[in-house]
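Below is one structure, written out as structure tokens, with a few remarks after it.
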Amino acid sequence: MQKYRLTEQIGQGGFALTWLAQERLNTNKNAAQYVVKELCLDKIDHWKAVEQFEREARVLSHLKHKNIPEYIDFIEEEHENGKRLFLVQALIQGNDLESLIKTGKHFTENDVQAIATTLAEVLTYLQDFSPSIIHRDIKPSNIMLRDSDSQVYLIDFGAVKGPAQVDSEQGATITGTFGYMPLEQAEGQAVPATDIYALGMTLVYILSHTDPTRLPKQGLKVDFRPYVNISEPFAKIIDKMIEPDLKKRYATAQILQQDLAKLKDRTEPLTANKKNWKSTAIAVFVFAGVTGAAYFELAAPPEGSEPFPQSESSPVSMTYSEHKRLADQHYNNQGWSQAVTAYQAYLKAVPKDTEALFRLGYCAGKNLDHAIAVKAYLQLEQIDSQAYSSLFYNLGYNYYKLDQTPQSIAYFKQMLTRDAKHLGSLNYLGLIYLKQKNYGLSKSYFDKVLALDPNYKYSLNNYGEWYQRQNKPEQALAYFQRAAKSDPDYALPYYNQAEVYYDQKKITDCVQAATQAIDKAKTYASAYNQRGLCYRGLKQWNVAIKDFEMATQQSPTYASAHYNLGLTYDDQGNLEKAEHFYLEALKVKGTHDRSLNNLGYIYERQKKDSLALEKYTFAIAVNPKAMYYNNRGGIYQQLKQCTLAQADYKIACQKGHSKACKKTCP
């Protein structure tokens, strides 16, 4: 550039490079530095990238806010290799939140409230434009903290929807980041409340250090509470920010600002999660097969949850001994949720009661409140680590359920120093290493268990899964059958047998094994789903549909069962119902790439090319599979965009799609 000297490349993403720069005429070593974003025109594959870059510059030129880096210049230059576009902004010396967290930075609740308040004020400013300006990509990496004073800045307006831009109804471009974008944005319909959702999920990430896509869901809503330790008023605000339903979410940032301002006058103690759900988790594996341009899915998440009765409210005047008596009563009656609430109330008055702490941890674990369980057990460990012989095992188990593997391994191994023959710890260590694909170490732990107890059903079943992963179906079946013989009421090995039979195309055996699993556990959603796939293999469509429907009844958030319903109707040529159930799967899991791909295939058959292109593009963004590139290439070819079609065919070919290698676009 003539006006600026590019001194150092500091970033690269998509079609742009980011540079540090100084004015050429200012030779002072301490001269002001700028951030320059350059659009790489030779790398773009669509004119919309240029339009988006120009839109970002145009919107930024109208923004004047202390928490948005100052717009300096937009430069177009002609070079011998073509045009070059540059966007110049003031430099913020600092780090983005994602980088800080990945290097170990932790924030207090007050810190996070301050970040939320500042960004809510920025969003209010953006929403005051007419029409409102929507950022559309708020996430931790787009929020900077200045080194000098920890001032918060919202950066990277590359996805911005400005006053001059209106979403088209057909073929809307999907812009944003998975985990931070709500459903309406994934459907191409961003509104001001879209940014509030993204900010809420950003706060969840800052507080939990967990990527939003890895957090569990209750229905369509992310269940963040087990992963954070914040006051109830702040948790309720975040709850409202991340509502999937627009009608329940904050409509404007100004209202959010007002609620955040009220927090400054409140001093409530930190509270933990208070869920009222229970379920029996059953581990399964997921496999996929291919048919035409559509996919089907064999297994699914663990069984769904069933509602647990709400606990009765305790009178405020209850003494701590009455709380203890009530807690013990719920404990003895296996009322896990009510017991958790009562023990928490009691422990506020008597925080060092080791029995109450142990029982709180036990009940919380039973109620799937694993974060509460860990907290209780850690407090017990500090007071008296020898009080309960199973303490380390219980810590290992609950860390395992929270997917915190290093802590889980550490406590299981501590348990083994206390009891070298503890079967549960040995078994879980084998299971952890199996999931990590460390097959040698995994086998050694299962061997230790079975040497101590040849009929230990969990390790027998896990050994079967070990052989299944080694692609040794006969050995896998032998161990699954041994596990079932060890405990005829144990449903999981029957289910696993059904999976193996299905993979072997022994469909009648598959139906029989899945039916046995259902007989042992009437609410086993995954077994209904598996049996539905077996019947689908026999082309008994109506029976398969009934089983898939049973799976969704048992577990309404079972995306794979919704998907398989769509696929079965697709088999029958009922595209209307197929579309409905693919969309149902996406309501549960917005990144269900097989549903996105199959929707694209439906729209392709219906000659709705723009919608097909949108869904294939979204599927590629979630999971860049060869088939998805091949399918999108076909749409580009239909639209006579041969350069883009050939590019997709080339990628599909490189990824192993042999048919794509032979395709050409005239």
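In our numbering, the protein residues as written are 21 to 686. Note that beta-carbon positions come from the ideal geometry of N, C-alpha and C, so glycine has one too.
Does residue i come out as helix, strand or coil in the three-state DSSP assignment?
i	result
Val-172	strand
Leu-59	strand
Ala-206	helix
Cys-685	coil
Tyr-578	coil
Leu-633	helix
Lys-457	coil
Arg-25	strand
Met-435	helix
Asp-131	helix
Ala-273	helix
Phe-106	strand
Gly-31	strand
Glu-90	coil
Ser-428	helix
Met-647	helix
Thr-663	helix
Thr-38	strand
Asn-249	coil
Lys-159	coil
Lys-122	helix
Lys-505	helix
Tyr-200	coil
Asp-567	helix
Asn-10	Because the chain in this structure spans residues 21 to 686, residue 10 falls outside the shown range and cannot be described.
Glu-624	helix
Please classify residue i: is it buried, with 16 or more other beta-carbons within 10 angstroms of its beta-carbon, or exposed?
i	result
Asp-167	exposed
Cys-673	buried
Ile-30	exposed
Gly-178	buried
Ile-403	exposed
Cys-681	exposed
Pro-202	buried
Pro-513	buried
Asn-353	exposed
Gly-676	exposed
Pro-388	Before going further, note that residue 388 is Leu rather than Pro in the sequence given. When all chains shown are included, Leu-388 counts as buried.
His-343	buried
For residue i and residue j, what's the separation of their Cα atoms in angstroms?
i	j	result
Arg-379	Tyr-351	8 Å
Ser-546	Gly-460	29 Å
Tyr-408	Glu-263	41 Å
Ala-303	Gln-560	Because Ala-303 carries a pLDDT of 29, less than 50, the predicted location of this residue cannot be relied on, and no value is offered for it.
Leu-443	Leu-111	58 Å
Asp-243	Ser-170	29 Å
Leu-59	Glu-43	20 Å
Asp-439	Leu-451	19 Å
Ala-228	Gln-666	Note on residue identity: the sequence assigns Ser, not Ala, to residue 228. C-alpha separation (whole angstroms): 43 Å.
Thr-572	Thr-588	14 Å
Ile-216	Asn-162	14 Å
Gln-133	His-390	25 Å
Tyr-583	Lys-57	42 Å
Ser-119	Leu-165	11 Å
Ala-52	Asn-115	18 Å
Pro-576	Asp-231	24 Å
Asp-668	Cys-662	10 Å
Just to confirm before moving on: does the CB-CB distance between residue i and residue j stay below 8 Å?
i	j	result
Leu-558	Ile-527	yes
Asp-567	Tyr-548	yes
Leu-619	Ile-655	no
Ala-384	Ala-376	no
Gly-196	Thr-233	no
Ala-744	Lys-125	Any answer about residue 744 is impossible in this case: the structure gives the chain only from 21 up to 686.
Thr-374	Leu-400	yes
Ala-273	Ala-140	yes
Gln-427	Tyr-419	yes
For residue i, I'd like the list of residues in its chain whose CB is within less than 7 Å of its CB, leaving aside the five on either flank, ordered along the chain.
i	result
Ile-671	Tyr-649
Using a Cβ-Cβ distance under 8 Å, would residue i count as near chain D?
i	result
Gln-238	Here there is only one protein chain, and chain D is not present.
I'd like the list of long-range same chain contacts for residue i, defined as Cβ closer than 6 Å, with 5 residues on each side in sequence excluded.
i	result
Lys-540	Asp-509 and Ala-511
Val-642	Thr-611 and Asp-613
Gln-532	none
Thr-543	Gln-574
For residue i, which residues of its own chain have a beta-carbon under 8 Å away from its beta-carbon, when the five flanking residues on both sides are left out?
i	result
Asn-447	Tyr-465, Phe-466, Val-469, Tyr-476, Tyr-478, Ser-479 and Asn-482
His-85	Val-142 and Tyr-145
Gln-277	Thr-137, Ala-140, Glu-141 and Thr-144
Tyr-636	Leu-616, Asn-617, Gly-620, Tyr-648, Asn-651, Arg-652 and Ile-655
Flag residue i as yes when its Cβ comes closer than 7 Å to any non-hydrogen atom of the ligand FMN, and as no otherwise.
i	result
Ala-347	Judged by which ligands are present, the structure shown has none, so any question about the ligand FMN falls away.
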